[in-house]
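Undergrad: Protein chains in written order, with the numbering used here: chain A, 1 to 152; chain B, 1001 to 1152.
Protein chains: 2
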Amino acid sequence: MTQISFRRARETDLPSIVAMLADDELGRQREDTSHPLAECYRSAFNALDADPNQFLAVVTEDAVVVGTLQLTFIPGLSRKGAWRGQIEAVRIAGHRRGSGLGRQMFQWAIAQCRERGCNLVQLTTDRDRLDAHRFYEQLGFTAGHIGYKLAL
Amino acid sequence: MTQISFRRARETDLPSIVAMLADDELGRQREDTSHPLAECYRSAFNALDADPNQFLAVVTEDAVVVGTLQLTFIPGLSRKGAWRGQIEAVRIAGHRRGSGLGRQMFQWAIAQCRERGCNLVQLTTDRDRLDAHRFYEQLGFTAGHIGYKLAL
Chain A
1 MTQISFRRAR ETDLPSIVAM LADDELGRQR EDTSHPLAEC YRSAFNALDA
51 DPNQFLAVVT EDAVVVGTLQ LTFIPGLSRK GAWRGQIEAV RIAGHRRGSG
101 LGRQMFQWAI AQCRERGCNL VQLTTDRDRL DAHRFYEQLG FTAGHIGYKL
151 AL
Chain B
1001 MTQISFRRAR ETDLPSIVAM LADDELGRQR EDTSHPLAEC YRSAFNALDA
1051 DPNQFLAVVT EDAVVVGTLQ LTFIPGLSRK GAWRGQIEAV RIAGHRRGSG
1101 LGRQMFQWAI AQCRERGCNL VQLTTDRDRL DAHRFYEQLG FTAGHIGYKL
1151 AL
């Protein structure tokens, strides 16, 4: 098995990341993979990159981006001022799915949250993705909440 | 009905906010309401106050704090670089529960998210709180996700 590495995303990674975001049924309708890359992605990248409580990460294998995820570190008063780590926008390149990379990415993300002093990691996942539920439960997550969304 | 106002929380609001956080079964076990207020709450407040993507809010009525909530504005690449607003740590003073204040707080929070250019508002709620589920559904939220948490 080749070596994977994690690092903070750079602006030059944007086309690879957007390609992964667009590579499923929902993403195809939601994203814009035209070249040159749409300006909306560059401004979102700048907002992420400027925020010390955001960590947009990529996983590389032989210098090729094969995965991405976004960590948000959230301060809060409750639980005696505990920080939470939130994992979102996890994507894996098509040819690397089903290879255990997802597990390595989550283990890395959880370790990052621990390093930042978070005492809770949270994420939401689609109600119907039963395979994902099993995966998160194997990682030690418990499903005690319902995730509500409102489109504006 | 008296007039309510919303504003950013100040350090002097901390005792009122922590008292609300501690005023339920779980909160009583998790929080520390001793005087003077534990330092952990002051450092959490400073982290919130210094972060332009955090908005810790209080609701006042005749200058008395009767509610609190925390908004987190989250940049992201997906959905063409859309911002999300996340609502957490919503609490209402005991004597004001069941008076419609919660609805006003959520309507205000949703309006804040819209003003900041978010195109999605998200929150999670305990799986067993059926009354809360009805409340969020009446506000237009849809329950498409499961919320997973991992204690570190």
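Just so you know, even glycine gets a beta-carbon here, dropped at the ideal spot from N, CA and C.
By alpha-carbon positions, which one of Tyr1148/B, Ala1143/B, Cys1113/B ends up nearest to asparagine 1053/B?
TA: Cys1113/B
Undergrad: DSSP state of glycine 111/A, grouped into three classes?
TA: The question names glycine, but residue 111/A is alanine in the sequence shown. Helix, per DSSP.
Undergrad: Where does the unbroken alpha helix (DSSP H) through alanine 1151/B begin, and where does it stop?
TA: Here alanine 1151/B belongs to no alpha helix (DSSP H); instead the beta strand (DSSP E) covers 1142 to 1151.
Undergrad: Quick one: is threonine 1002/B buried, meaning 16 or more other Cβ sit within 10 Å of its Cβ, or exposed?
TA: Counting Cβ neighbours within 10 Å, threonine 1002/B comes out exposed, since fewer than 16 surround it.
Undergrad: Using a Cβ-Cβ cut-off of 6 angstroms (strictly less than) and excluding sequence neighbours within five positions of threonine 125/A, which residues of its own chain qualify?
TA: If we look at threonine 125/A and ignore the five residues flanking it on each side, its Cβ neighbours are Ala132.
Undergrad: In chain A, which residues lie less than 7 angstroms from alanine 1047/B when you measure between Cβ atoms?
TA: The answer, in chain order, is Pro75.
Undergrad: Tell me, please, which residues DSSP counts as bridged to serine 1005/B.
TA: Thr1060/B
Undergrad: So does the region 1101 to 1119 of chain B actually touch the region 57 to 73 of chain A, counting three or more Cβ pairs closer than 8 angstroms?
TA: no
Undergrad: Please report how far the alpha carbon of glutamine 1138/B lies from the alpha carbon of alanine 143/A, in whole angstroms.
TA: 24 angstroms
Undergrad: Are valine 1121/B and isoleucine 1074/B touching if we call contact CB-CB under 8 angstroms?
TA: no
Undergrad: Go ahead and pull the three-state DSSP assignment for alanine 1089/B.
TA: strand
Undergrad: Looking at the structure shown, is leucine 1123/B part of a helix, part of a strand, or coil, going by DSSP?
TA: strand
Undergrad: Is threonine 33/A helix, strand or coil by DSSP?
TA: coil
Undergrad: With which residues is valine 66/A paired in a DSSP beta bridge?
TA: None; valine 66/A has no bridge partner.
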